[in-house]
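Chemist:
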Amino acid sequence: MHKKLSVDWYRAHDKTDSAPAIARYSKYLAMIGLKANTIRLYTLLVRVYLEAIGSNSTSPADAQKFYAGLQDRKISRSAINNYAAAIIKYQTMLGKPVKLTFLKLNNSLPYWFEEEDIVKVFDACKNQKHLAMLKCLFYGCLRPGELCNLDIPDYDSENLTLRLRETKNNSDAIVYLSDDAARSLNNYLQLRPEVGIDAIFVTDFGNRFTSNNVNRVFLYWKKVAGVQRFGTAHTFSRHSPASILVKNGCDLRSIQSIMHHKDINTTLRYTHLSDLTKHEKQIKYLTISSILKKCHKRNECTRVNIYVC
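Quick note: the sequence shown, position 114, residue 216 per my numbering, numbers continuous.
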């Protein structure tokens with residue numbers, strides 16, 4: 103009996119080396135003024151696009167075919183729109199522009215955490231660095247990317263503020279921390295080693311945190327806390343504070359400022375949560391007894407004024 107040779111005679115699928123194209127694309131995005139977080143996202147999405155097509159020199163037809171396939175997959179509309187934006191810019195860089203339709207987003211608010219969920223996560227977190235991160239996220243109403251971009255000079259320990267550079271709206275902003283959040287941040291900074299970079303929050307390897315790192319930290323402590331409600335770090339630090347502010351009766355203009363929303367329509371997503379607050383205020387202020395009491399006082403004042411005159 104002859105032993106079969108262990109040779110695979112079938113030609114393996116040639117994988118596209120997308121690294122040079124991605125490097126060029128990253129420089130192009132920086133040149134047209136995109137932020138670092140956006141560049142990281144778009145390069146990641148375009149890498150997936152190039153590997154799916156199997157070529158760095160993609161055509162508009164390739165882009166259309168890939169985009170059509172995305173709509174058949176179970177991914178969110180915002181994710182599809184991110185792919186579309188990234189691919190459009192890549193094709194423009196190649197000089198082979200393509201038009202892709204952006205999907206209309208559902209402006210409803212599907213998930214948020216209640217106050218008791220927030221407390222459970224804080225109580226469960228035993229890591230001082232992670233606790234400082236979570237409290238800065240929540241009380242500062244920060245996006246994970248904004249937390250990652252914070253440098254030590256951005257923290258004003260006297261006024262308990264953080265300076266955000268290049269927010270989602272391409273502008274700087276000042277956010278305020280609670281005493282509790284500042285206390286946790288100060289405790290962490292006393293333990294933070296010198297690692298050669300200015301980032302406030304650094305990984306155990308001495309690198310700046312990424313949004314994915316932050317999300318993993320949150321999901322880990324949410325699991326430890328036993329919180330079953332669905333939601334990511336963005337839900338925890340953006341949707342939840344805004345929802346709690348609305349439920350506690352804060353006016354929308356103040357919430358817009360706190361959340362640094364450019365458009366008030368973004369803030370209006372949270373108004374459906376204020377129904378309970380509106381009901382409580384209606385019961386408190388729209389009562390016949392209070393109206394009659396005010397009318398009685400007004401009549402008494404009128405009689406007194408007539409008598410005096």
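C-beta: ideal position from N, C-alpha, C; glycine also.
As the structure is a prediction and not an experimental result, all values here were calculated from the model.
Have a look at LYS176, SER345 and CYS227 and flag the residue whose alpha-carbon is nearest the alpha-carbon of GLY328.
Modeler: When each option's Cα is compared against that of GLY328, the closest is CYS227.
Chemist: Okay, do the segment 235-243 and the segment 315-329 touch, 3+ Cβ pairs below 8 angstroms being the bar?
Modeler: Yes, the segment 235-243 is in contact with the segment 315-329.
Chemist: Mark GLY171 as exposed unless 16 or more other C-beta atoms lie within 10 angstroms of its C-beta, in which case mark it buried.
Modeler: The residue in question, GLY171, is exposed, as its Cβ has fewer than 16 Cβ neighbours within 10 Å.
Chemist: Which residues in the same chain as LEU347 place their Cβ atom closer than 6 angstroms to its Cβ, once the five residues preceding and following it in sequence are excluded?
Modeler: The residues are ILE357.
Chemist: Look up ILE276 in the DSSP assignment and give the residues it is bridged to.
Modeler: Its beta-bridge partners are ARG265.
Chemist: Drop a sphere of 10 angstroms on the beta-carbon of GLU248, count the other beta-carbons inside from all chains shown, and report buried for 16 or more, exposed for fewer.
Modeler: The residue in question, GLU248, is buried, as its Cβ has 16 or more Cβ neighbours within 10 Å.
Chemist: Secondary structure at ARG294, three-state DSSP: helix, strand or coil?
Modeler: Note: ARG294 maps to coil in three-state DSSP.
Chemist: Let me know the secondary structure DSSP gives ASP281 once reduced to three states.
Modeler: In this structure, ASP281 counts as helix in the three-state DSSP scheme.
Chemist: So the alpha helix (DSSP H) GLY414 belongs to, where does it begin and stop?
Modeler: The question about residue 414 has no answer here: the residues shown for the chain are numbered 103 through 411.
Chemist: Using 10 angstroms around the beta-carbon of LEU202, count the other beta-carbons present and answer buried if the total reaches 16, otherwise exposed.
Modeler: With 16 or more other Cβ atoms within 10 Å, it is buried.
Chemist: How about LEU152 and ILE141: do their beta carbons lie closer than 9 angstroms?
Modeler: Not closer than 9 angstroms, so no.
Chemist: If you pair each beta-carbon of the segment 294-304 with each one of the segment 250-267, do three or more pairs fall below 8 angstroms?
Modeler: Yes, the segment 294-304 is in contact with the segment 250-267.
Chemist: How many whole angstroms separate the CB atoms of ILE190 and SER342, which I take to be in contact at a CB cut-off of 8 angstroms?
Modeler: The Cβ separation is near 33 angstroms, so there is no contact.
Chemist: Based on the DSSP secondary-structure assignment, which residues constitute the bridge partners of TYR257?
Modeler: TYR257 is bridged to LEU264.
Chemist: I'd like to check one pair, LEU205 with ARG179: are the Cβ atoms closer than 9 angstroms?
Modeler: Yes, they are a contact pair.
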